[in-house]
Every structure is written in structure tokens, then in C-alpha cells.
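Asks: Numbering (this note's numbering), first residue to last: 6 to 277.
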Amino acid sequence: MNFMGFPISNLFLYFILYSFLGWVMETCYCSVLERRLVPRGFLYGPICPIYGGGVVLMILFFTPLKENLLLFYVTAVVVMTSWEYLVGWALEVTTHVKYWDYSQYRVNLKGRVCLWVALTWGVLSYIVIFFIHPPFQELVEGLPVWLEFMLCGAFLALLSVDATATVRNLVLVALNVESVTQLGQELQLQMALGKAELGDKLEDATAALRERYSEQVAQLEQVSRRFRNIYSTLKVNQKYSISHEDILAAAALAKEELLRRKDALKSFRSKR
Numbered sequence: 006m007n008f009m010g011f012p013i014s015n016l017f018l019y020f021i022l023y024s025f026l027g028w029v030m031e032t033c034y035c036s037v038l039e040r041r042l043v044p045r046g047f048l049y050g051p052i053c054p055i056y057g058g059g060v061v062l063m064i065l066f067f068t069p070l071k072e073n074l075l076l077f078y079v080t081a082v083v084v085m086t087s088w089e090y091l092v093g094w095a096l097e098v099t100t101h102v103k104y105w106d107y108s109q110y111r112v113n114l115k116g117r118v119c120l121w122v123a124l125t126w127g128v129l130s131y132i133v134i135f136f137i138h139p140p141f142q143e144l145v146e147g148l149p150v151w152l153e154f155m156l157c158g159a160f161l162a163l164l165s166v167d168a169t170a171t172v173r174n175l176v177l178v179a180l181n182v183e184s185v186t187q188l189g190q191e192l193q194l195q196m197a198l199g200k201a202e203l204g205d206k207l208e209d210a211t212a213a214l215r216e217r218y219s220e221q222v223a224q225l226e227q228v229s230r231r232f233r234n235i236y237s238t239l240k241v242n243q244k245y246s247i248s249h250e251d252i253l254a255a256a257a258l259a260k261e262e263l264l265r266r267k268d269a270l271k272s273f274r275s276k277r
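#1: Could you give the residue range of the alpha helix (DSSP H) that holds S108?
#2: If distances are taken between C-alpha atoms only, which option among G58, Y110, L70, G116 comes closest to Y104?
#3: Evaluate Y110 with the Cβ neighbour count: other Cβ atoms within 10 Å of its Cβ, from every protein chain shown; 16 or more gives buried, anything less gives exposed.
#4: Quick one: using the 10 Å Cβ neighbour count with 16 as the cut-off for buried, is A170 buried or exposed?
#5: So, for W94: in the same chain, excluding its five sequence neighbours on each side, which residues have a beta-carbon less than 7 Å away from its beta-carbon?
#6: Report the CB separation of F160 from I21 in whole angstroms; it is logged as a contact under 8 Å.
#7: With a cut-off of 8 Å, do at least 3 Cβ pairs link the stretch 145-157 to the stretch 74-88?
#8: Can you check whether the CB of V84 is closer than 8 Å to the CB of A123?
#9: Nearest-angstrom Cα distance between G59 and S165?
#10: Just the C-alpha distance for F66 and F11, rounded to the nearest angstrom, thanks.
#11: Can you find the residues in the same chain that come closer than 7 Å, C-beta to C-beta, to G127, ignoring five residues on each side of it along the sequence?
#12: Short of 7 Å in beta carbon distance, which residues of its chain neighbour L114, apart from the five on each side in sequence? Order them along the chain.
#13: For C53, which of helix, strand or coil comes out of DSSP?
#14: Please state whether DSSP places F8 in a helix, a strand or coil.
#15: Near C53, which residues of its chain fall below 7 Å by C-beta distance, leaving aside the five closest residues on each side in sequence?
#16: Can you give the Cα-Cα distance for W151 and M6, rounded to whole angstroms?
#17: Quick one: is Y107 buried, meaning 16 or more other Cβ sit within 10 Å of its Cβ, or exposed?
#18: Can you say whether V61 is buried or exposed, counting buried as having 16 or more other CB atoms within 10 angstroms of its CB?
#19: Considering just the uninterrupted stretch of the alpha helix (DSSP H) at N15, what are its terminal residues?
#20: Could you check if M9 is buried or exposed, using at least 16 other CB atoms within 10 Å of its CB as the buried criterion?
#21: Go ahead and pull the three-state DSSP assignment for V43.
#22: Provide the residue(s) that pair with V118 in DSSP beta bridges, ordered along the chain.
#23: Measure the Cβ-Cβ separation of I55 and V92 and say whether it is below 8 Å.
#24: Could you compute how far the alpha carbon of T99 sits from the alpha carbon of R173?
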């Protein structure tokens with residue numbers, strides 16, 4: 006079975022191969038930068054699907070443009086940057102977490118893509134299609150049919166198990182982020198309403214909620230530990246960015262307001 010002139014089995018093996026090579030490249034680069042072993046990729050296995058998917062896009066759309074280098078480069082920049090933006094957006098929407106952020110660079114789009122990386126995609130596409138892919142293509146196309154299908158079956162099974170485990174973890178992270186945010190908002194609201202109360206009533210009203218909030222934060226820390234270890238710049242979506250420190254600061258301000266009102270009430274009564 007073919008897709009756009011390429012056997013689907015070949016495309017799948019290319020996806021696995023370049024996902025692994027992308028993982029090796031990212032792991033080496035990030036390990037050198039952070040001076041520790043950083044096995045990149047949100048899957049458990051040694052693959053980064055964004056690279057495998059990206060190279061498959063290169064093979065499908067850029068190969069016919071090899072005779073026109075300018076059109077090849079422009080198309081590569083547009084397609085690969087769109088792919089990176091789409092993957093970043095999808096991860097943020099589904100997990101509420103930003104796994105990479107280019108906001109520190111001057112020309113960027115919501116931190117998901119930036120100009121210099123977009124231009125680099127064009128150069129990398131040229132290197133891959135003209136120099137790296139031809140020997141790998143020859144190797145894959147030279148495989149016996151039985152071996153090709155056996156490899157596809159084995160890799161598909163491993164990828165399915167890995168993806169299932171990873172998605173489960175990502176869902177737990179997303180649910181915990183939402184829960185922490187909701188509890189944080191409830192706690193802030195309760196403290197805001199408690200400004201009209203006097204004495205220790207505020208502490209009594211928020212103690213149980215504060216305890217639930219702390220437990221949920223601890224659970225979020227546990228389920229997201231692997232991702233935070235891999236992505237040192239990982240950020241929670243701003244929509245879900247209420248932190249424990251924010252809650253404590255809000256509680257302190259509320260206490261100060263209660264004491265101020267209590268003193269004002271005492272002063273008013275003494276004057277009467």
C-alpha cells in the first residue's frame with residue numbers, strides 16, 4: 006500500500022529511524038548544555054516523534070522540489086515551522102504544559118516557533134533530503150519484505166505500549182494541573198470572602214481547603230517529575246499558573262486586612 010508514491014511500511018520505518026536519531030541529537034545537545042544526562046522526548050522510549058514526523062513530511066513534500074532549491078528552502082521553512090507550531094499547540098492544549106519556549110527570542114509566535122529556528126529548519130531539510138536520507142532510503146528499500154513487515158510490527162507494538170503509558174501520564178498531569186488551579190481559585194475566593202470575618206474564622210474556613218491544595222500540589226509534583234527532569238524549561242500554561250506561593254501571599258494580605266479592620270472597629274467602639 007502506497008501513500009503519495011511511497012510504501013507506507015517504508016514511511017513508518019523512516020519515522021522510527023528519524024525519531025530515534027532526533028532523540029540522540031536532542032539528548033546529546035541538552036546533556037552538554039545542562040552538564041547532566043537528559044534523555045529527551047516525552048515518550049519513555051528513545052524516540053522523539055516530532056523529528057520522525059518532520060522528516061516524513063520532508064520526504065513527502067520536499068523530495069519533488071529538489072530541482073528548485075529556492076522553492077525547496079521556502080517550502081521547508083513554512084512546512085516545518087507549521088509542524089513545530091502545531092505540535093507545540095497540541096501539547097499545550099491537551100496537557101496544559103509548554104514543553105519548549107522561544108519567548109526569549111525577538112521574533113517568535115507565542116513562544117512555539119521563532120525566526121532563527123524556522124530558518125534552521127530550511128537548512129536541516131536540505132541536509133536531510135540531499136545527504137542523510139539517500140543512504141537510509143537505500144538501506145530500507147533493500148530489506149527483504151518479510152523482515153520489513155516484521156520490523157514494522159515489532160516497532161508498532163512497542164510504540165503503541167509506550168504511547169499508551171505516556172498518554173496516561175500526560176492525562177494525569179493535565180487533570181492535576183486543572184485540579185490544583187481550581188482548588189487555588191477556590192481558596193483565593195474563600196479568603197476574599199473571609200475578609201468580612203473577624204478573629205480566627207478565616208483560618209478555620211480555609212484550613213481544610215489549604216490541606217487539599219497542598220496534597221494536590223504534591224501529587225502534581227510526583228506525576229510531572231519525569232517531564233520536569235527532561236524539560237528543564239517546562240512551564241505550566243498561564244491559564245493554569247496559580248502557584249502555592251501566590252496562595253500564601255494572598256493569605257498574608259487577607260490577614261493584614263482583617264487585622265486592620267479589627268483595629269479600626271476597636272478604635273470606633275472606644276470613641277463611642
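Glycine included, C-beta positions come from ideal geometry on N, C-alpha and C.
Replies: So, from the listed chains and residues:
#1: Premise fails: S108 is in no alpha helix (DSSP H) and is neither H nor E.
#2: Considering only alpha carbons, the answer is G116.
#3: The C-beta of Y110 has fewer than 16 other C-beta atoms within 10 Å across all chains shown, which makes the residue exposed.
#4: Flag for A170 reads exposed.
#5: So the qualifying residues of the chain are R117.
#6: Contact between F160 and I21 holds: CB atoms are separated by about 5 Å, below the 8 Å threshold.
#7: Counting C-beta pairs with one atom in each stretch, the stretch 145-157 and the stretch 74-88 have fewer than three that are closer than 8 Å, which means they do not touch.
#8: Judged by their CB atoms, A123 and V84 are not nearer to each other than the 8 Å cut-off.
#9: Taking the straight line joining both Cα atoms gives about 19 Å.
#10: Roughly 11 Å between the two C-alpha positions.
#11: Excluding sequence positions up to five before and after G127, its CB lies within less than 7 Å of the CB of Y78, A81, V82, all in the same chain and listed in chain order.
#12: Taken in chain order, the residues that qualify are Y90.
#13: Three-state result, C53: coil.
#14: Note: F8 maps to strand in three-state DSSP.
#15: Closer than 7 Å at Cβ, skipping near neighbours: S24, G27, W28, E31, R45, G46.
#16: Near 15 Å, if we compare the C-alpha coordinates of M6 and W151.
#17: It counts as buried.
#18: Result: buried.
#19: Taken as a continuous stretch (DSSP letters only), the alpha helix (DSSP H) holding N15 covers 13-39.
#20: Exposed is the call here.
#21: V43 falls in the coil class under three-state DSSP.
#22: BP columns for V118 point to L114.
#23: In this structure, V92 lies closer than 8 Å to I55 by Cβ.
#24: Computed Cα separation, rounded: 12 Å.
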